[in-house]
Amino acid sequence: MIVQIKGNVGFPITLDPTVWIFDDRKVLLDEVFIQTPQVDQQEDKADDALTVQQYQQKINPPINDSVDRYNRKKALENSYVMPLQHFIHNAEPSANATEAILHTNNGEERISMSDLINCYLLFSVDGKPLKESGPVHVILPDGSNQSNPYQGVGEITIV
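Numbered according to full-length UniProt numbering, the sequence shown terminates at residue 159, and the numbering increases by one at each position without gaps.
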């Protein structure tokens, strides 16, 4: 139930998706591809909040201090994705890296680095980890493969 990021990177990383349910960076699958109009002022506030959040993440990983009963129930009923960009950034891919190979249960799939950085990792469906078709599914940034994601991804090789 682990995912490895390796290849043309400065730091190979091993990820454990089973603990992401407690990570504040997770996003509800139903909310990922919803487009909402924003006002310029709201974007400025969001940018400021993102800068503060990124700074705090460098200090400590954003993990819920405590999971109350409501959040626990919510976590056990919903499907969640994790943005891959956090982990790709920490792996420090080489400047000449152009694509990535997703090693799945059904073979290999190639995607561009720009798509990979903005992908989402589906790690929980209805509050349960993806034991049979996991450890994660990869959903492209535009959601075009949301109904048929890359399944059984256990390794990502940057080339």
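Glycine included, each C-beta is placed from N, C-alpha and C at the ideal position.
Spatially closest choice to P129 from I88, T18, G143, by CA coordinates:
Locating residue 129 in the sequence shown gives position 129, where the first residue counts as 1. Taking only the C-alpha atoms, the option nearest P129 is T18.
Which term fits P93, buried or exposed, when burial requires 16 or more other beta carbons within 10 angstroms of its beta carbon?
If you number the sequence shown from 1, residue 93 lands on position 93. Buried is the call here.
Residue(s) in a DSSP beta bridge with L130
Counted from its first residue, the sequence shown places residue 130 at position 130. The partner list for L130 (beta bridge, DSSP) is empty, contrary to what the question assumes.
Three-state class that DSSP yields for D23 in the structure shown
Here residue 23 corresponds to residue number 23 of the sequence shown, with the count starting at 1. It is a strand residue.
Per DSSP, cross-strand counterpart(s) of V153
Within the sequence shown, residue 153 is the residue found at index 153, counting from 1. Answer is V136.
Helix, strand or coil: how does DSSP classify P83 here?
Here residue 83 is taken as the residue at index 83 of the sequence shown, counted from 1. Reduced to three states, the DSSP call for P83 is strand.
Would you tell me roughly how many angstroms separate the C-alpha atoms of I21 and I34, rounded to the nearest one?
Taking the sequence shown and counting its residues from 1, the one referred to as residue 21 is at position 21. Taking the sequence shown and counting its residues from 1, the one referred to as residue 34 is at position 34. Cα to Cα, the separation comes out at about 21 Å.
Residue 209 versus I5 - alpha carbon distance
The question about residue 209 has no answer here: the residues shown for the chain are numbered 1 through 159.
Helix, strand or coil: which one does DSSP assign to I34?
For this step, residue 34 is matched to residue 34 along the sequence shown. In the structure shown, I34 sits in coil (DSSP, three-state: anything other than H, G, I, E or B).
Would you tell me roughly how many angstroms separate the C-alpha atoms of G127 and L28, rounded to the nearest one?
Sequence index remark: in the sequence shown, residue 127 carries index 127 (1-based). Sequence index remark: in the sequence shown, residue 28 carries index 28 (1-based). For G127 and L28, the distance between alpha carbons rounds to 11 Å.
Answer yes or no: do V136 and C119 have a C-beta to C-beta separation smaller than 8 Å?
Locating residue 136 in the sequence shown gives position 136, where the first residue counts as 1. Locating residue 119 in the sequence shown gives position 119, where the first residue counts as 1. Against a cut-off of 8 Å, the Cβ pair of C119 and V136 comes out as no contact.
Rounded to the nearest angstrom, what separates S133 and E99 at their Cα positions?
For the purposes of this step, residue 133 is taken as residue 133 along the sequence shown, with counting starting at 1. For the purposes of this step, residue 99 is taken as residue 99 along the sequence shown, with counting starting at 1. In a straight line, the C-alpha of S133 is about 24 Å away from that of E99.
Nearest by alpha-carbon distance to D30: which of S112, G7, L102, S124 is it?
Here residue 30 is taken as the residue at index 30 of the sequence shown, counted from 1. The shortest C-alpha separation from D30 is found at S124.
Which word fits P149, buried or exposed, when buried means at least 16 other C-beta atoms lie within 10 angstroms of its C-beta?
Numbered from 1 along the sequence shown, position 149 holds the residue referred to as residue 149. Buried.
Give the secondary structure of A100 by DSSP, where H, G and I count as helix, E and B as strand, and everything else as coil.
Here residue 100 is taken as the residue at index 100 of the sequence shown, counted from 1. Strand at A100.
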